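Which chain is which? The protein sequence lines are A and B, in order. With our numbering applied, the first sequence has no gaps in its numbers, which climb one by one up to 313 at the end. With our numbering applied, the second sequence has no gaps in its numbers, which climb one by one up to 268 at the end. Here the structure comes first, spelled out in structure tokens, and everything after it is commentary.
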Amino acid sequence: MRNAFIETLIKLAEKDKSIYLLTGDLGFSVFETFAKRFPKRFLNCGVAEQNMMGTAAGLALSGKKPYVYSIIPFVTIRCLEQIKDDIAYQNLNVKIVGVGGGYSYGYLGATHHATEDIAMLRVLPNLKVFAPGDSVETEKLMIEAYKTKGPAYFRLTNVGGKTVHQKKDKIKIGEPFVFNKGKDGALIVNGVFLGIGKSLIEELKIEGYKFKLISLPTLKPINEESLWKELKDQKLIFSLEEHSLIGGMGTALAEILMDKGWKGTLKRIAAPDKFFPKVGKAEYIREKYHLTKEQIKEYILKIKKS
Amino acid sequence: MDLKEISKEIRKKILKTTFNAHTCHIGSCLSCVEVLTFLYFKVMKVNPKKPWDENRDRFILSKGHAAAALYSVLTQKGFLTEKLLGTYCKNGGKLPGHSTYRCAPGVEVSTGSLGHGLPMANGVALAGKRDKKKYRVFVLMSDGECDEGSNWEAALFASHHKLDNLTVIIDYNKLQAFGKTNDVLNLEPLAQKWRDFGWEVKEVDGNDLNQLKKAFSKVPLKKGKPSLIVTHTIKGKGVSFMEGKLEWHYFNLDEEKYKKAIKELS
Chain A
8 MRNAFIETLI KLAEKDKSIY LLTGDLGFSV FETFAKRFPK RFLNCGVAEQ NMMGTAAGLA
68 LSGKKPYVYS IIPFVTIRCL EQIKDDIAYQ NLNVKIVGVG GGYSYGYLGA THHATEDIAM
128 LRVLPNLKVF APGDSVETEK LMIEAYKTKG PAYFRLTNVG GKTVHQKKDK IKIGEPFVFN
188 KGKDGALIVN GVFLGIGKSL IEELKIEGYK FKLISLPTLK PINEESLWKE LKDQKLIFSL
248 EEHSLIGGMG TALAEILMDK GWKGTLKRIA APDKFFPKVG KAEYIREKYH LTKEQIKEYI
308 LKIKKS
Chain B
3 MDLKEISKEI RKKILKTTFN AHTCHIGSCL SCVEVLTFLY FKVMKVNPKK PWDENRDRFI
63 LSKGHAAAAL YSVLTQKGFL TEKLLGTYCK NGGKLPGHST YRCAPGVEVS TGSLGHGLPM
123 ANGVALAGKR DKKKYRVFVL MSDGECDEGS NWEAALFASH HKLDNLTVII DYNKLQAFGK
183 TNDVLNLEPL AQKWRDFGWE VKEVDGNDLN QLKKAFSKVP LKKGKPSLIV THTIKGKGVS
243 FMEGKLEWHY FNLDEEKYKK AIKELS
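Right, dumping it as structure tokens:
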């Protein structure tokens, strides 16, 4: 996914000289090509994210299109007030790109986990928030966002190069993408759960249940009418995300469904409101928090059968 | 009108504006009047008829709580009408108590939270360098604002990138929100700290127009380096009962005090 980001950015930067890439001293083995090709537009700002974000705002004030990159906590909550005041408040054309969504950096500990970024950034006016689930969503949303003036945040996840979408899929800002139709319930996914959701649907089919699968890579703005059209006839919805139960996609869905007067059951499958107390790789943490495909399948079947 | 007269007019505007709006931060506005006067009437290439000309010099008020001073100097210079200035901090008005991005012609950025002006100025200055533009960027910071770590990140960045089109002015009135700067969090030796960060520094009496003239006659102070002018000032300057008084960070003017202050300036 990170490669999809940098490859797309290089393509855009070749045509648009106003694109700048700012990094907080991260991107080893990923940004070398960009830095070599556009040395004047690559800025390693050092480990100084508050200044980096303010500098990005200043560049945008001067007609540039900066992309600001780091590991999620450092490019979001470390400089949250700069994002609010300098970028969102002034509605500037700055794109923020964070890597390591959810538990991607598993054993590095909670300082590097990113399970609160969506909640923190979703409340800021003007800022668009994306959590793509594969390289197709990453590339298409990056291009869409590039064409749309204004600030945006991209939450990238270490899911590797495997794609879930087909290249021709239409992915638009704010729009849910429907993979499968189904009347036994709906799964709504983003980030790492796009791939997991796709295989879950197949496995549930074998068990005799046809679930609707919807990818929701835009968390703000969400086209509520499009989403409602897809969900209003469902009685049971599961939201799957590697983000805190508080404030992420599940919360956004609950807000929309409640406002619409929906009468069904929403089960939010997400990270608990806890710092992981032990050590482990992403898969290990997911297992401890009942977030693996098998555990989720078991949970869904239990609810269906009860 | 000579510069002394102009700064007097700006002081009167500040007093009138804050009196009508019943607002605070008067002392912080008055300490930097000579700096603003000198920048807008002698140094910066700005044109009220083309407030967003791409080659204009940029002024970034990082001590956003002195917004009434900025709006007043912009009015004196012809960017704002007196009528617009009269909406300061009024319900439904356009001029907030902290300067806000393009709320009026000539207001470049949103500030109010301290430590945001210099990082943004870095971006504006760097863009100017990359585009080979001749514009310069001036940032007015408060002394208490130097407590903010973001400024020191920004100070490293500016000297690393040799941003000699960037000049910071510190309004060193020695008083911050809850006490003397050196009692709250000692800044000294302030000039030396910035020198150590790679800046060229000058210190002057910031309420003395002649000294400001000398300081600004050669900006950038040194080619290849960002400039800092530490201006030693007096909080509340120009109004005897406000000078050097911390409480005028907070107080607003009643009619009696307003009349007294205006009389002193007339």
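Where a beta carbon is used, it is the ideal one built from N, C-alpha and C, also for glycine. The model shown is predicted, which means the values in this text are computed figures rather than measured ones.
Identity of the residue in B:LEU248, B:VAL241, B:LYS15 and B:MET244 nearest B:GLY89 by Cα
The sequence shown places Thr at residue 89 of chain B, not Gly. For B:THR89, the nearest C-alpha among the options comes from B:LYS15.
For the beta strand (DSSP E) containing B:MET143, name the first residue and the last one.
B:MET143 -> beta strand (DSSP E) spans 139-144.
State the CB to CB distance for the pair A:PHE161 and A:SER222, rounded to an integer number of angstroms; the pair is presumed to be in contact (CB under 8 Å).
Not a contact, Cβ separation roughly 15 Å.
Taking the C-alpha atoms as reference points, what is the distance between A:GLU294 and A:GLN302?
Going by the C-alpha atoms only, they are around 8 Å apart.
Start and end residues, beta strand (DSSP E) containing A:VAL185:
Its beta strand (DSSP E) spans residues 184-187.
Using 10 angstroms around the beta-carbon of B:GLU1, count the other beta-carbons present and answer buried if the total reaches 16, otherwise exposed.
Examination of residue 1 of chain B is not possible in this model, given that chain B is present from 3 through 268 alone.
Does the beta-carbon distance from A:SER69 to B:GLY108 come in below 9 Å?
Taking 9 Å as the Cβ cut-off, A:SER69 and B:GLY108 do not qualify as a contacting pair.
Can you say whether A:ARG44 is buried or exposed, counting buried as having 16 or more other CB atoms within 10 angstroms of its CB?
Exposed.
A:GLU21 versus A:SER111: straight-line alpha-carbon distance, rounded
Straight-line Cα distance between these residues: approximately 30 Å.
Kindly list, in the order they appear in chain A, the residues whose Cβ is closer than 9 Å to that of B:GLU188.
Correcting the residue type first, residue 188 of chain B is Asn in the shown sequence and not Glu. Ordered by position in chain A, no residue passes the 9 Å Cβ test against B:ASN188, which lies about 22 Å from the chain.
Got a sec? Which residues, its chain only, sit under 8 Å from B:LEU267 by beta carbon, not counting five neighbours each side?
Annotation for B:LEU267: LYS10, ARG13, LYS14, LEU17, GLY240 and VAL241 place their beta carbon closer than 8 Å to its own, counting only its chain and skipping 5 residues before and after.
Limits of the alpha helix (DSSP H) - the one that B:LYS85 falls within
Boundaries of the alpha helix (DSSP H) around B:LYS85: 84-87.
Using the beta-carbon count (16 or more within 10 Å), is A:GLU123 buried or exposed?
It counts as buried.
Residues of the region 99-114 of chain B in Cβ contact with chain A at a cutoff of 9 Å, in chain order, please.
If the cut-off is 9 Å between Cβ atoms, the region 99-114 of chain B has THR102, TYR103, ARG104, GLU110, VAL111, SER112, THR113 and GLY114 near chain A.
By alpha-carbon positions, which one of A:PRO132, A:LEU308 and A:ASN197 ends up nearest to A:ASN98?
Measuring C-alpha to C-alpha distances from A:ASN98 to each of A:PRO132, A:LEU308 and A:ASN197 identifies A:PRO132 as the nearest.
Is A:THR225 helix, strand or coil when you go by DSSP?
Here A:THR225 sits in strand by DSSP.
Within this structure, are the beta carbons of A:SER1 and A:LYS300 separated by less than 9 Å?
Any answer about residue 1 of chain A is impossible in this case: the structure gives chain A only from 8 up to 313.
By the criterion of Cβ-Cβ separation under 8 Å, what are the contact partners of B:SER152 in chain A?
Near B:SER152 (Cβ distances below 8 Å), the residues of chain A are GLN57, ASN58, GLY61 and GLN89.
Go through its chain and collect everything with a Cβ distance to B:GLY80's Cβ below 6 Å, but skip five positions before and after it.
Leaving aside the five residues that flank B:GLY80 on each side, the residues in its chain whose CB is nearer than 6 Å to its CB run, in chain order, PRO50.
Contact residues within the region 64-83 of chain A, judged by C-beta distance below 9 Å to chain B:
ALA64, GLY65, LEU66, ALA67, LEU68, SER69, GLY70, LYS71 and PRO73: these are the residues of the region 64-83 of chain A whose beta carbon lies less than 9 Å from some beta carbon of chain B, given in chain order.
Which same chain residues end up closer than 6 Å to B:LYS164 when comparing Cβ atoms and leaving out the 5 residues on each side of it in sequence?
Contacts found: GLY226.
Counting contacts by CB-CB distance shorter than 9 Å, is B:GLU147 in contact with chain A?
So no, B:GLU147 is outside the interface.
Could you tell me whether the Cβ of A:GLY157 comes closer than 9 Å to any Cβ of chain B?
Residue contact check for A:GLY157 against chain B: no CB pair falls below 9 Å.
Going straight from the alpha carbon of B:THR271 to that of A:GLU231, what length do you get?
Nothing can be reported for residue 271 of chain B: it is not among the residues displayed for chain B, which extend from 3 to 268.
Is B:MET3 close to chain A? Criterion is C-beta to C-beta, closer than 9 Å.
Residue contact check for B:MET3 against chain A: no CB pair falls below 9 Å.
Just to confirm my understanding: we take B:GLY151, look at its own chain, exclude 5 residues before and 5 after, and list those with CB closer than 8 Å. What are they?
Its chain contains GLY117 as the residues whose beta carbon lies nearer than 8 Å to that of B:GLY151, once the 5 sequence neighbours on both sides are disregarded; these appear in chain order.
Hey, would you say B:THR233 sits closer than 9 Å to B:CYS91, going by beta carbons?
No, Cβ-Cβ distance for B:THR233 and B:CYS91 is not below 9 Å.
Residues, ordered as in the chain, of the region 33-53 of chain A that lie near chain B by beta-carbon distance below 9 Å:
Cβ contacts with chain B: LYS47, ARG48, LEU50, CYS52 and GLY53.
Check the C-beta distance from B:THR235 over to B:ASN175 and give it rounded, since I have them as a contact under 8 Å.
About 5 Å; that satisfies the 8 Å criterion.
Kindly say whether A:TYR96, judged by its beta-carbon, lies nearer than 9 Å to any beta-carbon of chain B.
Interface residue, yes.
Enclosing alpha helix (DSSP H) for B:PHE159 [first to last residue]:
Residues 151-162.
What are the residues in the region 197-230 of chain B lying within 9 Å of chain A by C-beta distance?
Within the region 197-230 of chain B, no residue has its Cβ closer than 9 Å to any Cβ of chain A.
I'd like to know if A:ASP280 contacts chain B, where contact means its C-beta is closer than 9 Å to some C-beta of that chain.
Chain B, which has no Cβ nearer than 9 Å to the Cβ of A:ASP280, makes this no.
A:ALA64 and B:VAL186: beta carbons closer than 9 Å?
Contact flag unset, no.
When we look at the beta-carbon of A:ILE78 and count the other beta-carbons within 10 Å, is it buried (16 or more) or exposed?
Classification of A:ILE78: buried, given that the 10 Å Cβ count is 16 or more.
Reference A:ALA95, options A:GLY198, A:ASP240 and A:VAL130, closest by Cα
Taking only the C-alpha atoms, the option nearest A:ALA95 is A:VAL130.
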